[in-house]
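Shown next, in C-alpha cells, is the structure this report addresses.
Numbering (UniProt numbering), first residue to last: 1 to 1240.
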C-alpha cells in the first residue's frame, strides 16, 4: 500500500506537470475555503504514507513547518491508538477534534502548545480514497479553544473528498497519458491502433464526463475546445453546440471580474492604428500567459439559472513553450455560498431577536448552556461568561413552581419540546415571569444534540391579567350604577346583557330586554343608517359611534348616542359579541337643531343681503331673493308681488319652488290667488303672507308655502327679509326715478334753449335743476372776469343752495383764485371727491375751500363763441361725496347745452342790434338785412344741429342698451343651442329607434332642417346685432358734443362715420343698383380741428353728391381721396381762383401743388351731370339751392364754407364741368395758427 501511495504522489505530480496544472493551485484554493468556512487562523493539507508525512498547501504557518507536521502525526497516531497504518481497516473515517490541547493528556506538552503563541484547538479531517485508503490530512488550528459545528465539519469533509477526487483524477490522467503515448508508437505500425485510440479517447471522455468538477478547455483565441458533462448538466448547453464558440458567447468567463476590467481598459488607450477589440486584447493577454490562476464568478446557463463557480486555470503548452490550451477546472460553490450566507443570517437573526435564546448541549451531563444571545443577558442581568456552562436552573428561586420544572424535565426526558410559564430571578434578585419554550435540535442523522430555549418576559402581561380580574369586579359595580346604558349583544344585535340604567332611560327592566333584538326599538327613519353602521362594525371596524332615536316603553322616542365595540375571536376574527354604551342626548339634539336653524337663517340673511346689494332690475333682485329663501328654508314655494302704482294692483315679479303662480297678469290676481290656495292645500300645511312696507307705504307682498310649520325664529327672519326687500324695491324705484329726472333735466334745458333767449332765466333754471337732481348742498354759475395780467375775478351770477345750510361760499377772493382761473382758461374739469385726502389742488385753493367748509367740489368750465369764460360749480358741505361718472357726464352735457344757449342768446342780441342799426342807417339796409339773414340762418342751423345731435345721441343711447343686451346673450344662446343639439345627437345615438310619438314630433318639426338652420339663424342675429352696434357707434361719434372744441382727430374716422349714417341712401333699392363708393385714403396724421363741425361739412357735401346721382344711369360712383399737401408760406388760405390752388389731372382728379406748409386735402367727387358755370359762383351763397322747393334750405354749403374758411383757416372749392361730374376740394391746415385758435 505504501508503494501505491508513493506512485500516486510521484506520478501524480508528473501528470499534473504534463497537462499544465501546478499540483498546489487547487490545494491552495481548498485551504482558503477551509479558512473561510472555519474562520480559523491556520489551515494546511498534508499527505502521508507508512514512513513519512509532507506538506502540500498551507495558510498561517510559521517558518518551522516540521513542528506542525509532527503534531499532526502525533494526533493521527493517538486517534488510531498508536498505529500510523494507511490500510483500509484503520479507523480513519472520523475527524480528529481536540477542543483544548492544553488539557489533552498526551499532547499538552507538545511544542506548539507551549511556544509564544500556543495552539489551543485542533481539527483534522482525513483525506481518504473511495476504497478507504488514507492519503493525508486536512488540518485546522486555532489560538483559542474552539468547538466546530456540525455544518463546518460536513463542509470540511466535503473538501477532503474533493482533494481525494483531485488526486484520483490526476492518477487517472497519468494512466491515460501512458496509454496515449503507447498508442502513438503503435499507430505508426498498424492501423488497428486507431481503434485502440478511439477506445482510449472514449475512456478519457468518460473520465472527464464522470468527474464532478467542471472542465472547460479553450484555445488562445478563446474558442471552446472541450466541454464536459458536468458543464452540460450545470448550464443546459450541449458540448456539440458550444465547442468552437467563444466563451463570451455563452456568458462564460473563467477569469475574475477585476482581471477582465483591467484588460478591457486597454481598449480605452489611444493608438495610432485602429484600437484592438476587447476580444483581441484578451487573446493577446492569454497568448502572453497573462491570465488569473484562480477566480470566482457567476455563470448563467441556457435555462437562465446562475451559478457561482470557483475556477482553477492552467496552461497546456506546446513543446516550443507556446500556449496551446487553457484548462479551466471549476467547482460549483453556489450552495456552499448560500449555506454560509444563511448561517450568517441565522446568527444575526438570533442576536437581533427580542426574546432571550439559549442553547444547551444534550450530549453532556446536566445540559450545560453553550450559547446565549444579548436579549437573554438583558433579561436576566447575567453576562455571557457567567451563563456559559451552567444549567438553566440557576434562574430558579424559592417561588418557582415545581409543576413547571417537572414539565420541563419530562419534556427533556422524552426528547420533546414544551412551553411553560414560571417565575425566575435576575442577577440582582428581582423576579420576573418567564414564558419558556424549549425545542429539541437534531443533527443530519436525526440524533438529538442540543436543546434551544426561548425566554419571553411576560411580567407585564401577568400583572395586567391580575389587574384585569380586579378591574372586572370594579367595572361590574360601575355598570350597575352608571347613568348610561351598558349592554352586550350578539352579532345580530340581540340583547345578551343590559345594565339597570335601562329602567330610567327606556322604562324596561333588564330581564325584559334579554333575547330581544335592538332593532325592535329603533325609529323607522333611522334603521337604515343604523344597519349601515352595524355592517361596518361587522366587516372591518372595531369601534363605531352612531346617533339615533329609540322608542321607550311609553311609546315616546328619545335620542341615543351609542358607541359600540366589537369583541372578535383571536383565531378567525369572527365577532363574538358587541359591547355598547348608550347615552341620552335628547337635550343636546334639541340644542343642535336650534343652532342649525339659526345658522341656516344667518346664511339666508347674508344671501338676501348679497342679492339686494348686487343691483339690477326689480324682477332680477326679487328672483335672487326668492331662490335664496327656497334654498335655505326648504319650503314648497316662494312668490313675491309688487304694487303697480298706476293700477294699484299686485303684480307677481318672482317665484321659486314647486308652488308658484305662472300667470303674472294683474287682472287675474283674485283668480290666481284661488289657484294658489288650492295648490297650497295639497302641498303645504302652512302659508305665511308677509306685506312689504317702507315708512307706511305698501310696496308689495311676499308669500311662503311650507310643508311644515314655520318656527317663530323663521318668522322673525322672514319679517326682517320682508323689510329688506321692501327697502330694496323702494331704492330701485328711487334710482329709476332719479335717472328719469336726470334725462328730464337735459330735455328741459334743451326746450328752454329753444323757447327762450334770456340768459338769466336759462342759468337760474340750470343751477336749480342740477342741485335738485344731484341732491347736493349748493350749485352756482360764475363768470371769469380777467381785469389785468395776473389779476383774476370771479362773479357768481346764479346760485341754488339747500335751505339748511348756515354758511356757504358766496364770493371768491381775487388773491386766492389764480389756480382755478388757470383751470377755467384751459377748460380743465376740477373734481374733488374728498378735500381731506385730495392731491389735485394747490395749497391756496385748498385753504379757500376749507375756510368755506366745503367737503367735495366739482367745477366744469365753459367758453362761448365770443370768448367769455365761465363755470358750473357743485359743492357738498356736510360730508364728502364721490362724484360718479354718470354725475360728471350729466354735468358736461348740461354745460354744453348752456354754452349753446349763451351763444344763441348772444347771436340773438347781435341780431337785434343789427336790426336796430338797419332802422337808423337806411343806406346800409340791404347789407344789414343780408347779415341778419345769415346770422339767423346760422342760429337756426345751430339750434337744429344741437337738437339733432341731442336727439341722435339719445336715440343711439336708447338703441345701444337693448342691442348690448341682445349681443351679450347671443354667446350664451349659441352655447346653450350647441349643448342642446349635442344632447339631441347623443339621444339619437343612444336611442336610434325612438317612440312613435317622438318620431312623429321629429317629422312635424323637421328636426334635421332645424338642427342645420338654427346655428345659421344665431349667426345671422349676431351679424345683425354687430351691424346695429357699428351704426350706434357712428351715430354717437357723429353727434359727440365734446367734439365742439378743437382737438386732434382722425379725419378718416369722421368720413367713415358719416358714410355709415348715409349707408341707407348708398345701397341698392329696387331696380337701382346703388351707388359705388371708392375710397383712396392717404397716410394722414391726426388733424387739430372742430371734429363735430367738420363731420357736418362731410354730411352736407356727401348728401348733395347722392342727390346729384339720384336720377343718373349706372354706373353711379362717389370717389373720396385724401392726402397731405404743402403750400408756400405766403399763400392765401382763403378763397382763391381754382387755377391757383388746385390742378386737375387727365383723369379729372385734383392734385395740389408742392409746398412747404403741411395741409390736408380731402376731395369728394361724383360722376353726375356736373354744375353749370353760371351756378358755381353762387353755390356758397346763403339760401341758394338748385333743389326743388321743399327739398333743401340753401344753407348747407354756406355753413360748410364758413366752417372750413372761417373756423379752420382752410379753403373749400368746387371743380365741375357739365357732363364730367363735380368735385368738392376741402383743404385745411394740420396745425391751425395760434391766432385762429384764440379767435374762436
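For every residue, glycine included, the Cβ atom is placed at its ideal position computed from N, Cα and C.
Below-8 angstroms beta-carbon distance, residue i vs any chain D residue
{"i": "residue 35", "result": "In the structure shown, chain D cannot be found, because there is only a single protein chain."}
Span separating the alpha-carbon of residue i from that of residue j
{"i": "residue 495", "j": "residue 515", "result": "5 angstroms"}
{"i": "residue 1110", "j": "residue 907", "result": "37 angstroms"}
{"i": "residue 184", "j": "residue 177", "result": "11 angstroms"}
{"i": "residue 576", "j": "residue 489", "result": "9 angstroms"}
{"i": "residue 451", "j": "residue 341", "result": "23 angstroms"}
{"i": "residue 899", "j": "residue 892", "result": "10 angstroms"}
{"i": "residue 822", "j": "residue 830", "result": "11 angstroms"}
{"i": "residue 417", "j": "residue 393", "result": "17 angstroms"}
{"i": "residue 1010", "j": "residue 733", "result": "42 angstroms"}
{"i": "residue 423", "j": "residue 548", "result": "51 angstroms"}
{"i": "residue 319", "j": "residue 63", "result": "37 angstroms"}
{"i": "residue 991", "j": "residue 977", "result": "21 angstroms"}
{"i": "residue 1235", "j": "residue 1063", "result": "38 angstroms"}
{"i": "residue 1163", "j": "residue 1122", "result": "6 angstroms"}
{"i": "residue 1012", "j": "residue 993", "result": "21 angstroms"}
{"i": "residue 802", "j": "residue 735", "result": "21 angstroms"}
Test item: CB-CB of residue i and residue j under 8 angstroms
{"i": "residue 630", "j": "residue 657", "result": "yes"}
{"i": "residue 833", "j": "residue 783", "result": "no"}
{"i": "residue 1117", "j": "residue 1058", "result": "no"}
{"i": "residue 315", "j": "residue 333", "result": "no"}
{"i": "residue 236", "j": "residue 299", "result": "no"}
{"i": "residue 702", "j": "residue 722", "result": "yes"}
{"i": "residue 567", "j": "residue 584", "result": "no"}
{"i": "residue 1208", "j": "residue 1228", "result": "yes"}
{"i": "residue 852", "j": "residue 809", "result": "yes"}
{"i": "residue 1018", "j": "residue 973", "result": "yes"}
Supposed contact pair residue j and residue i - C-beta distance, whole angstroms, cut 8 angstroms
{"i": "residue 317", "j": "residue 323", "result": "6 angstroms"}
{"i": "residue 1087", "j": "residue 1051", "result": "6 angstroms"}
{"i": "residue 618", "j": "residue 590", "result": "The pair is not a contact, with the Cβ atoms about 41 angstroms apart (cut-off 8 angstroms)."}
{"i": "residue 636", "j": "residue 705", "result": "4 angstroms"}
{"i": "residue 125", "j": "residue 156", "result": "5 angstroms"}
{"i": "residue 875", "j": "residue 811", "result": "Actually they do not touch by this definition, with Cβ atoms about 13 angstroms apart."}
{"i": "residue 101", "j": "residue 121", "result": "7 angstroms"}
{"i": "residue 728", "j": "residue 621", "result": "6 angstroms"}
{"i": "residue 1226", "j": "residue 1097", "result": "7 angstroms"}
{"i": "residue 603", "j": "residue 717", "result": "Between residue 717 and residue 603 the Cβ distance is about 11 angstroms, and since that is not below 8 angstroms, they are no contact."}
Counted within 10 angstroms of its Cβ, other Cβ atoms place residue i as buried (16 or more) or exposed
{"i": "residue 1023", "result": "exposed"}
{"i": "residue 712", "result": "exposed"}
{"i": "residue 34", "result": "buried"}
{"i": "residue 348", "result": "exposed"}
{"i": "residue 968", "result": "exposed"}
{"i": "residue 199", "result": "exposed"}
{"i": "residue 580", "result": "buried"}
{"i": "residue 56", "result": "buried"}
{"i": "residue 638", "result": "buried"}
{"i": "residue 228", "result": "buried"}
{"i": "residue 54", "result": "exposed"}
{"i": "residue 995", "result": "exposed"}
Touching or not, the region 1053–1070 and the region 1212–1225, by the rule of three or more beta carbon pairs under 8 angstroms? no
Using 8 angstroms as the threshold, is the region 438–451 in touch with the region 131–145, meaning 3 or more CB pairs across them? Fewer than three Cβ pairs drawn from the region 438–451 and the region 131–145 lie within less than 8 angstroms of each other, which leaves the two stretches out of contact.
Cβ contact check for the region 754–768 and the region 789–796: 3 or more pairs under 8 angstroms: no
At least 3 beta-carbon pairs within less than 8 angstroms: the region 456–471 vs the region 360–368: no
Do the region 510–524 and the region 535–546 meet, that is, are 3 or more Cβ pairs less than 8 angstroms apart? no
Okay, do the region 371–391 and the region 404–416 touch, 3+ Cβ pairs below 8 angstroms being the bar? no
Assess contact between the region 242–249 and the region 343–359, defined as three or more Cβ pairs (one per stretch) separated by less than 8 angstroms. Is contact present? no
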